[in-house]
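Asker:
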Amino acid sequence: MSDGYNFRQLKAAILAMSKATDWETARKEWALVDIIEADEPETCLCGHFPIVEICAIHNRVTGHSTEVGNVCVKRFLGVRSDLIFTGIKRIRKDPTKSLNADSIAFFRQRGLINDWEYGFLQDTMKKRNLSLKQMGTRKRINLKVLGAVSRRGLQAN
Ligand SMILES: [Zn+2]
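Residue 3 is where the sequence shown starts when you use our numbering, and the numbers rise one by one after that.
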């Protein structure tokens with residue numbers, strides 16, 4: 003299409019790396035496993051350029067991995083990865099802010115935050131007036147999350 007997101011091209015590329023041969027089954031073999039912030043714009047599997055918020059996806063059946071942008075991951079996996087990136091930018095700017103629901107769920111699935119931290123983040127998500135101890139905990143978890151976000155490119159650290 004004119005917006006540069008060629009969904010047919012994405013489907014063909016994903017099907018080639020899947021076990022199932024029909025799209026509705028094949029797409030269910032895939033999961034979002036990592037998010038990467040790129041300094042240099044890259045091209046999505048669908049042909050769209052530029053993407054700087056990269057989603058690493060993995061096929062649990064065939065073991066293949068690949069990367070797509072936010073728009074495609076949403077269309078094909080139904081995951082709002084764009085909201086995860088928004089959540090990360092928010093706490094990077096101010097680590098006293100809370101992570102959003104999409105980020106919390108994603109980092110729990112990835113195993114970065116444990117059950118207790120998951121519960122804590124949910125309980126305190128909407129709270130502005132945290133105790134000193136709670137604020138310390140929030141910041142500690144936020145810094146752990148920021149440290150785990152993959153970056154790619156010249157400014158990577
Ligand atoms: Zn795409």
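Where is the CB? At the ideal position from N, CA and C, for every residue including glycine. Keep in mind the model is a prediction, meaning the values are calculated, not measured.
For residue 3 and residue 138, I'd like the C-alpha separation in whole angstroms.
Answerer: Since pLDDT at residue 3 reaches only 45, below the 50 mark, its modelled position is unreliable, and no value is offered.
Asker: Residue range of the alpha helix (DSSP H) that residue 84 falls in?
Answerer: Looking at the DSSP string, the run of the alpha helix (DSSP H) that includes residue 84 is 83-95.
Asker: Write down the C-beta distance between residue 110 and residue 38 rounded to the nearest angstrom, noting that I regard them as a contact closer than 8 Å.
Answerer: Contact flag wrong, Cβ pair sits at about 19 Å.
Asker: Span of the alpha helix (DSSP H) holding residue 144?
Answerer: Residue 144 -> alpha helix (DSSP H) spans 134-150.
Asker: Can you determine whether any heavy atom of ligand 1 sits closer than 7 Å to the C-beta of residue 47, and answer yes or no?
Answerer: Checking the Cβ of residue 47 against ligand 1 gives yes.
Asker: Which one of 10, 99, 69 and 117 has the shortest CA to CA distance from residue 145?
Answerer: When only C-alpha atoms are compared, the closest one is 99.
Asker: Mind reading off the beta-carbon distance from residue 8 to residue 57? Whole number of angstroms is fine, and I expect it under 8 Å.
Answerer: With 8 Å as the limit, residue 8 and residue 57 do not qualify as a contact, their Cβ atoms being about 17 Å apart.
Asker: Comparing the CB of residue 155 with every heavy atom of ligand 1, is any distance shorter than 7 Å?
Answerer: Not under cutoff, so the answer is no.
Asker: With the cut-off set at 8 Å, would you say residue 101 and residue 32 are in Cβ contact?
Answerer: Their beta carbons are not under 8 Å apart, which means residue 101 does not touch residue 32 by this criterion.
Asker: Determine the contact status of residue 90 and residue 151, defining contact as a CB-CB distance below 8 Å.
Answerer: Cβ atoms of residue 90 and residue 151: closer than 8 Å.
Asker: Could you say which of 148, 20, 134 and 130 lies nearest to residue 86 if we only look at CA atoms?
Answerer: When each option's Cα is compared against that of residue 86, the closest is 148.
Asker: Which residue's Cα is closest to the Cα of residue 125: 64, 140 and 41?
Answerer: Among 64, 140 and 41, the Cα nearest to that of residue 125 belongs to 140.
Asker: So, with DSSP's three-state summary, where would you put residue 1?
Answerer: Beyond the ends of the chain as shown, which are 3 and 159, falls residue 1; an answer cannot be given.
Asker: Name the DSSP beta bridge partners of residue 153, please?
Answerer: In the DSSP output, where bridge partners are listed per residue, residue 153 has 39.
Asker: Is residue 12 near ligand 1, with its Cβ less than 7 Å from a heavy atom?
Answerer: Yes, the Cβ of residue 12 comes within 7 Å of a heavy atom of ligand 1.
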